[in-house]
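Before any comments, here is the structure.
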Amino acid sequence: MIQSMTGYGKSVIQLPTKKISIEIKSLNSKNLDLNTRMPSMYREKELGIRKLIASKLVRGKVDFSLYMEITGEETSTQINKTVVKQYIKQLKEVVDGNDTEMLKMAIRMPDALTTERDEIDENEWSEIATVIDSSLEKIQQYRLDEGEMLEADFIGRVQSISNLLDDVIAMDPDRIEGVRERLTKGIADIKEKVDENRFEQELVYYIEKFDITEEKVRLKNHLEYFQKALKSEDSNGKKLGFISQEMGREINTIGSKSNHAPMQKLVVQMKDELEKIKEQLLNVL
């Protein structure tokens, strides 16, 4: 079953002193383009997170965000009391003011506050990792749901091209007969006496240049192969893209060989359906 590269997954967990929110978003891209945002205290886990996302999402422009909101009394920022007292003492030597005003000025001075780097609690991280897995499951399900809609659209458009091809096949004998009649009439109009055998040979050669039998067969095979690839277990947008290119080649050749206005109209309709397929394929994993 095919998957879309567009997806979104979010999960939240409340820990004793903080709330952790995980968000994962993805859009289409030729390769995996992964951006991560997280507090510095969790940076040592980034490589593992990247490997996990790469194994699950494979391809796409992916944004991973880990948000932390402190909800308890825990804080890693402390007042450097010794430094602040020294600042206040020095300020009093320069200006007059009450202690509150001096404190307001001192607390804004360099090194007045210190931030301790928290060590990761592995038990806590285990719970966060579970939330990351949950977000990945949600975005994968989102991609599958989008993929189902894309698959239904592809099937409808491939069937439309197949129906148009049937119309091309049905009108082909009349087209060839029309070519034969125009050539015969052209010779008659110039009132030239020709060798009938030679004329027939040249006529066959000329008509063969307009023959689209091989193109019709190959296009039908490509349409069947495309639908078969849609049903494969793995989502392979690149493979479907290659098949659609081959479909385009056969449709273009039919159009260039047709020399028949009604058939060319059918070819234009097939091209329109194929272009819409190609546009949607850009979003398939």
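Each residue of the sequence shown is one higher than the one before, starting from 271 at the first, in the numbering used here. Using N, Cα and C, we set each Cβ at its ideal position, and we do this for glycine too. No experiment lies behind these values; they were computed from the predicted model shown.
Legend entry - Sequence ranges, alpha helix (DSSP H) only - wholly within the region 309 to 397, length at least 4: 316 to 327, 351 to 364, 369 to 376
Inset, instruction - Return helix, strand or coil for residue 293, following the three-state DSSP convention. - result: Position 23 of the sequence shown, counted from the first residue, corresponds to residue 293. The answer is strand: DSSP assigns residue 293 an E or B state.
Inset, instruction - Could you check which residue in 480, 494, 512 has the C-alpha nearest to that of residue 525? - result: Start at 1 with the first residue of the sequence shown, and residue 525 comes out as number 255. It is 480.
Inset, instruction - Using a threshold of 7 Å, state whether the C-beta atoms of residue 454 and residue 485 are closer than that. - result: Mapped onto the sequence shown, residue 454 falls at position 184. Mapped onto the sequence shown, residue 485 falls at position 215. Not closer than 7 Å, so no.
Inset, instruction - Determine contact between the region 301 to 314 and the region 373 to 385, defined as no fewer than three beta-carbon pairs at a distance below 8 Å. - result: no
Legend entry - Span separating the alpha-carbon of residue 374 from that of residue 340: To locate residue 374, count along the sequence shown from 1; it is residue 104. To locate residue 340, count along the sequence shown from 1; it is residue 70. Whole-angstrom Cα-Cα distance: 25 Å.
Inset, instruction - Please state whether DSSP places residue 489 in a helix, a strand or coil. - result: Numbered from 1 along the sequence shown, position 219 holds the residue referred to as residue 489. Reduced to three states, the DSSP call for residue 489 is helix.
Inset, instruction - Give me whichever residues DSSP pairs with residue 305 in a beta bridge. - result: Taking the sequence shown and counting its residues from 1, the one referred to as residue 305 is at position 35. 333.
Legend entry - Which of helix, strand or coil DSSP assigns to residue 273: The residue given as residue 273 occupies position 3 in the sequence shown. Residue 273 falls in the coil class under three-state DSSP.
Legend entry - residue 542 - containing alpha helix (DSSP H), residue span: Taking the first residue of the sequence shown as 1, we reach residue 542 at position 272. Counting along the chain, the alpha helix (DSSP H) containing residue 542 begins and ends at 531 to 551.
Inset, instruction - Can you give me the Cβ contacts of residue 492 inside the same chain, cut-off strictly under 8 Å, excluding the 5 residues immediately before and after it? - result: By one-based count along the sequence shown, residue 492 stands at place 222. 513, 516, 517, 520, listed in sequence order.
Inset, instruction - Alpha carbon to alpha carbon, how far is residue 273 from residue 538? Give it in angstroms, no decimals. - result: Looking up residue 538 in the sequence shown gives position 268. Looking up residue 273 in the sequence shown gives position 3. Going from the Cα of residue 538 to the Cα of residue 273 covers about 29 Å.
Inset, instruction - Can you tell me which of the three DSSP states residue 642 falls into? - result: A query on residue 642 cannot be resolved here, the shown segment of the chain reaching from 271 to 555 and no further.
Legend entry - the region 276 to 293 in contact with the region 398 to 407 per 3-pair CB rule at 8 Å: yes
Inset, instruction - Taking 7 Å as the cut-off, decide whether the C-beta atoms of residue 333 and residue 295 are in contact. - result: In the sequence shown, counting from the first residue as 1, residue 333 sits at position 63. In the sequence shown, counting from the first residue as 1, residue 295 sits at position 25. Yes, the Cβ-Cβ distance between residue 333 and residue 295 is below 7 Å.
Inset, instruction - Verify whether the separation of the beta carbon atoms of residue 350 and residue 369 is less than 7 Å. - result: By one-based count along the sequence shown, residue 350 stands at place 80. By one-based count along the sequence shown, residue 369 stands at place 99. Against a cut-off of 7 Å, the Cβ pair of residue 369 and residue 350 comes out as no contact.
Inset, instruction - Say whether the region 424 to 435 touches the region 308 to 327, bearing in mind that this needs 3 or more beta-carbon pairs closer than 8 Å, one atom from each stretch. - result: no
Legend entry - Cβ-based burial, residue 431 [other Cβ within 10 Å; buried from 16]: Residue mapping note: residue 431 aligns to position 161 of the sequence shown, counting from 1. The residue in question, residue 431, is buried, as its Cβ has 16 or more Cβ neighbours within 10 Å.
Inset, instruction - Please determine, among 338, 366, 379, the residue with the shortest C-alpha to C-alpha distance to residue 353. - result: Residue mapping note: residue 353 aligns to position 83 of the sequence shown, counting from 1. Of the listed residues, the one whose Cα sits closest to residue 353 is 379.
Inset, instruction - Throw me the rounded Cβ distance for the residue 500 and residue 421 pair, which I believe falls under 8 Å. - result: On the sequence shown, position 230 is the one that residue 500 refers to. On the sequence shown, position 151 is the one that residue 421 refers to. Correct: roughly 6 Å between the Cβ atoms.
Inset, instruction - Look at the alpha carbon of residue 359 and the alpha carbon of residue 297, and state the distance between them as a whole number of angstroms. - result: To locate residue 359, count along the sequence shown from 1; it is residue 89. To locate residue 297, count along the sequence shown from 1; it is residue 27. Rounded to whole angstroms, residue 359 to residue 297 spans 57 Å at the Cα level.
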